[in-house]
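Residue numbers in the sequence shown follow my numbering, run continuously in steps of one, and reach 70 at the last position.
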Amino acid sequence: MLATNLRSLRAKRGWSQEDLALESGLHRTFVAHVEREARNLSIDNLEKLANALNVPVHELLI
């Protein structure tokens, strides 16, 4: 669910993975791995992604 929500919210903003990476302070390949469900995510990085997308954390998880 997280991967789908992350990809959808990113696409709604017209952002590339690189854009989201820059906004969140994370590496582009990390964002790509999360979207492919190939990487586990810490709470800190989940918060960074949510903050970059300007959404509450739970919106990424439901």
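Glycine included, each C-beta is placed from N, C-alpha and C at the ideal position.
If you follow the alpha helix (DSSP H) that Glu26 is part of, which residue opens it and which one closes it?
Counting from one through the sequence shown, the residue named residue 26 turns up at place 18. Per DSSP, Glu26 belongs to the alpha helix (DSSP H) from Gln25 to Ser32.
Which first and last residues belong to the alpha helix (DSSP H) in which Ile70 is found?
Within the sequence shown, residue 70 is the residue found at index 62, counting from 1. Segment: none, Ile70 is in no alpha helix (DSSP H) and carries neither H nor E.
Any idea what DSSP makes of Ala46, helix, strand or coil?
Counted from its first residue, the sequence shown places residue 46 at position 38. It is coil, neither helix nor strand.
Give the secondary structure of Asn53 by DSSP, where H, G and I count as helix, E and B as strand, and everything else as coil.
Your numbering for residue 53 matches position 45 in the sequence shown. Asn53: helix per DSSP, three-state reduction.
Less than 8 Å between the CB atoms is what I'm expecting for Ala31 and Ala60, so what's the real figure, rounded?
For this step, residue 31 is matched to residue 23 along the sequence shown. For this step, residue 60 is matched to residue 52 along the sequence shown. Here residue 31 turns out to be Glu, not Ala, going by the sequence shown. Glu31 to Ala60, Cβ: 4 Å. Contact.
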